[in-house]
């Protein structure tokens, strides 16, 4: 109790060592907390980068699959067109030959 009364009676300029020590301790505590926050932010950034990489890979796979599916569809479409027109041309040729043969 006496110490608190003595400290209370001291002028501000005489108590500067205690106040400086208190400020240094407070600053050290804040510095430790800031280091902890920076470490946690680094961990969060790494997790975000990992997730972004996975999402990018999945998106690229999806796009590649979609494009290959479209190529197959277009390829099958043109094969069908060629088969139909080729078969149609063959049928017309046979009919024309029969008409020419029996038409004489």
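Residue numbers (the numbering used here): -6 to 97.
Here a beta-carbon is modelled for each residue, glycine too, at the ideal position from N, C-alpha and C.
Being a predicted model, the structure only gives us computed values, none of them experimental.
Would you report the Cα separation of residue i and residue j, rounded to the nearest angstrom?
i: residue 9; j: residue 30; result: 31 Å
i: residue 95; j: residue 79; result: 24 Å
i: residue 86; j: residue 65; result: 31 Å
i: residue 56; j: residue 62; result: 10 Å
i: residue 13; j: residue 21; result: 12 Å
i: residue 67; j: residue 73; result: 10 Å
i: residue 53; j: residue 39; result: 21 Å
i: residue 28; j: residue 15; result: 20 Å
i: residue 33; j: residue 11; result: 33 Å
Going by DSSP in three states, residue i sits in which element: helix, strand or coil?
i: residue 46; result: helix
i: residue 96; result: coil
Report yes if the C-beta of residue i is less than 7 Å from at least one heavy atom of the ligand FMN; otherwise report no.
i: residue 35; result: The ligand content of the structure shown is nil, which means the ligand FMN is not present either.
Run through the region 49 to 94 for me and flag every whole alpha helix (DSSP H) of 4 or more residues, listed as ranges in chain order. none
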